Structure formats: structure tokens, C-alpha cells
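Encoded as C-alpha cells, the structure appears first; notes follow it.
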Amino acid sequence: MARIYAGAMDRLVGQAPQHVSRTGDGESASQVAAARELSVVVPTFNERDNVAVLFARLAETLDGIAWEVIFVDDNSPDATWRRVQEMAQRDPRVRCLRRIGRRGLSGACIEGILASSAPYVAVMDADLQHDETQLPKMLALLRGGDAELVVGSRYIDGGSADSFNRQRRGASEFATTLAKKLLRVEIADPMSGFFMMRRDRFEQVAPELSVQGFKILLDIVATAKGQLRAVEIPYTFGSRLHGESKLDSMVALDFLGLLLAKLTGDAVSLRFLLFALVGSIGLVVHLAVLDVAFNLFGYSFAGAQLIGAVAAMTSNFVLNNFLTYRDQRLKGLAVLRGLLTFYLVCSVGLLANVGVAFSIYGQQPIWWLAGAAGALMGVVWNYAMSGLFVWRKR
Ligand code: GDD
Ligand code: MN
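Here this note's numbering is used: position 46 in the sequence shown is 55, and no number is missing along the way.
See below:
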């Protein structure tokens, strides 16, 4: 390794090799200084007790390869990032990317890969469910040019996912079938979170990838539209070492969003659809509360209408906070601030709604067209402004 390093430096700065080799003391320092061949990207969220174990296993398995590991931590409450920073201070093969105000497995992987510069990148989980001893084999396949992408697969001969419960296995199989049919993806395990690929090929698809959700590999393969030479190798999906899975029932929603985005060429965003859906639920809430306040409690129409509007805005806020912006969910005091800002945003949205409807009606007195245009204006405004001011990225 030291020799490669000296040679490379020699070419770069044109100095005598003896001079350079004097600076490269210690085996691990020179391994890192040599052009890194492999970057292992590991997304983490509350994996404090797993990162050191994973690093030790990587170091053992990747002995003799110039590698690094980039942990991408979304500011974990358990301070995983602090553990990683401590490791990085002791060993230059460890890097820590701490993201604040962002959540998401796919986004974390994308940023980690883009922060690397090795010709090959691997993505794997921190919880030791992925079999790191497969990495040298994956690298060999890429080096040989046989493949541009190597996927660790649970669903080919020799692979398995024994640690899955029945329900999760069923869901995973259903999603896999759907993805293969709809997006014409050929690989057996497109939901795998364990793969290695050429970084230049990744950079080509990167601008089109979705940062939301879990399905980074599916996204990469679907975006490449059959242009990526892929090989699958079997492995056994193990059990988690410490901590718990972050995959909840909402990943179904993420998956749907990815399908939608890919099928429509990114024209339809799931977030906007959810926001509009919540808006229509709000309409029902509004009418129901108006009915009760006006007919049952005898409020004046204006009073009942106001109560209905406030009820609808409140329920919209709660639903959006729970569903549409679940990855940026407001908690504690921020909920109150968010709710008040949301009221403000929606009130201006209502003005915009009525304004547009009036002006269209003035030109073309078709009531439903003017009404629909106004409503569309309202929802687009509310969506845009909520994203900016209510669920803005902190
Ligand atoms: N930075 C970051 N941000 N990391 C995250 C986030 C996040 O929002 N959510 C999860 N992670 C990290 C976890 O800390 C872990 O290292 C890895 O991503 C996988 O998360 P798990 O919560 O352990 O997921 P899983 O084991 O249920 O799911 C695995 O299997 C699926 C296949 O069924 C993952 O490999 C999935 O990618 C895979 O699709
Ligand atoms: Mn896991």
C-alpha cells in the first residue's frame, strides 16, 4: 500500500519517492492516503450500540482493501453521531456526516454516496442484518467489470430472510412483485438495502432519485431503465443486534409515492397528493361542523361558518402533521407555533382562492370552472406556504 501511495504522490507532485514515503508512517494512514477504492455508506438513526461493532467487522473483512466507512446520521436522539465522531478521531477510515433537520433513509444514502469519491460505493445497514463478509466478493465482481451493480439478495437461491415475521415477509413479497411489474425492474430483490455499485453510474442517476422513503435501490434501478448491468449474490438477512427497526406501516406510503413518481416521471408528488387529500377531508369536516353549529346549536351563519373553518384547519393541520409531513413531524411547543402559522397561511390561501375565482368568473361566468380554479389556487398556495413556513426544514 505504501508503495502505491508513494507512486501516486510522485506522479502528482513530481517529488522523489523517498521524500514521500517518509511522510507516510503507519500502515493505516498510508492505506487511507492511497486512493480509496471503496466507500461503505451506512445510514444510521439511533444505532449507538451498533456502529463500533460494525466498524470492527468491516475492518476485519476489508483488510487489504483501501476503504472507508461514511456513517450518515440524522442527528439521532441517542447521539450515534458522537460515537461515530469519536471513532473518526481515532481512525481516519471513519467519517461522520451528521444531518440536522432532515430524516430519511434514501436521502441519507444519497448524501453519503455523493460525499465519497472512491470508484466503488456500498450501502449497508448499521444493525448487522447485512452480511458484511459479502463485500469483498461484491467488490471483485465490480472490479472485474462483470457488473456495475451488485445486489445482496434475499430472494435468490442461497439467500434468505429468516428473521422476517410472516406479515412482513408477505408485505415485502407483494411490494417486490408490484415494483417488478410496474417499473419493469428485473432483479429479484429490488427492496434490498444492501448493494455495491460504481460511483460514476450512481452519479448519473443521482439527480433523479427521490430523497424520501426507504427504497433507494429500487429507485436507482428504475431510474437507470435497464441500463445498469446488475448481478445478485445471495446472503442471509440476519437479526438486528441492538435497537429497533425504523420501518413502520408508513413505508407502504413511501413505496406508493416512489411508484407514483417513477410512473409519472416525477410529475406527481405524493406529498402534494396527500396534502390535497387532507384538504378534501377538511371540506367534509367543515361542512359537518357547520351543520352542527348552525342547525343544532343555533349559531348565526357567519359564526357557524367561522367555527367550521377553524375546525377544518385544525384537523387539516393534525392530519398533515401526522401523514403528509410525518418525516418532519412537529412536536412539543413547535406544534402550537405550527398550528398558528398554518391558520395564517390558510387564511391568506382563502383570500387567494376567492380572488382567483372572482377574476375568472368575471371573464367567463362558468361557476364550477371559477370555483375549481379558486380551490386549486387555494390548495397550491397552502401547500407551497406550509412547506415554507409551517413544516420548514429546521
Ligand atoms: N440516516 C438515517 N435516517 N438512517 C436511517 C433512517 C433515517 O431516517 N431510518 C433508518 N435508518 C437506518 C437505520 O439506522 C439502519 O442502519 C438502516 O437505516 C435500516 O433501518 P432499519 O430500521 O434497520 O430497517 P429494516 O431492517 O426494518 O429494513 C431493512 O430491510 C429492508 C428490506 O426489507 C433495510 O435494509 C431496508 O433498506 C430494506 O428495504
Ligand atoms: Mn434493520
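Positions of the beta carbon are idealized from the N, C-alpha and C atoms, including for glycine. Model, not experiment: these values are computed from the prediction.
Residue 323 sits in a helix when the DSSP states are folded into three classes. Counting only residues of its own chain and dropping the five nearest sequence neighbours on each side, residue 279 has a CB closer than 6 Å to the CB of 266, 269. When distances are taken from the beta-carbon of residue 256 to the heavy atoms of ligand 1, the shortest one is below 7 Å. Across the structure, residue 186 and residue 272 are spaced so that their CA atoms are roughly 16 Å apart. In the three-state DSSP reduction, residue 287 falls in the helix class (H, G or I). Inter-segment contact for the region 158–174 and the region 76–94 is absent: fewer than three beta-carbon pairs are separated by less than 8 Å. Sequence-distant partners of residue 365 (beyond 5 residues in either direction) whose C-beta falls short of 6 Å from its own C-beta, in its chain, are 382, 383, 386. The region 221–240 and the region 115–123 touch, with three or more beta-carbon pairs separated by less than 8 Å.
If you draw a 10 Å sphere on the C-beta of residue 235, you find fewer than 16 other C-beta atoms in it, and that means exposed. Judged by the Cβ position, residue 100 fails to qualify as a neighbour of ligand 2 at the 7 Å threshold, every heavy atom of the ligand being at least this far. Here residue 122 is buried, its C-beta having at least 16 other C-beta atoms within 10 Å. Residue 333 sits buried, since 16 or more C-beta atoms from the chains shown fall within 10 Å of its C-beta. DSSP, reduced to helix, strand and coil, places residue 214 within a helical segment of the structure shown.
If you draw a straight line from the Cα of residue 398 to the Cα of residue 325, it is about 16 Å long.
Under the 8 Å Cβ criterion, the region 125–136 does not count as touching the region 167–183, having fewer than three qualifying pairs.
For residue 337, the shortest separation between its Cβ and any heavy atom of ligand 2 does not lie below 7 Å. Distance between residue 319 and residue 352, taken at the CA atoms: about 8 Å. Assigned with DSSP and collapsed to three states, residue 107 falls in strand. Note on geometry: alpha-carbon atoms of residue 134 and residue 53 lie some 7 Å from one another.
Looking at the DSSP output, residue 49 shares a beta bridge with 78, 131. When the five nearest sequence neighbours on each side are left out, the beta carbons in the same chain lying within less than 6 Å of the beta carbon of residue 45 are those of 75, 77, 127, in order along the chain.
Closest option to residue 275, judged by alpha-carbon separation, among 216, 188, 151: 216. Relative to the non-hydrogen atoms of ligand 1, the Cβ of residue 60 never comes closer than 7 Å to any of them.
Within the chosen limit of 7 Å, ligand 1 reaches the beta carbon of residue 202 through at least one heavy atom. Remark: C-beta atoms of residue 241 and residue 198 approach each other more closely than 8 Å. Per the DSSP secondary-structure output, residue 239 pairs in a beta bridge with 158. In the structure shown, residue 204 adopts extended strand secondary structure according to DSSP, grouped into three states.
The beta-carbon distance between residue 388 and residue 285, rounded to whole angstroms, is 5 Å. This is short enough to meet the 8 Å contact definition.
Cβ atoms of residue 294 and residue 321 come within 8 Å of each other, at about 5 Å. Residue 230 and residue 316 have their C-alpha atoms spaced approximately 50 Å apart. Taking 8 Å as the upper bound for CB-CB distance, residue 226 and residue 144 are not in contact here, some 16 Å apart. When distances are taken from the beta-carbon of residue 53 to the heavy atoms of ligand 1, the shortest one is below 7 Å.
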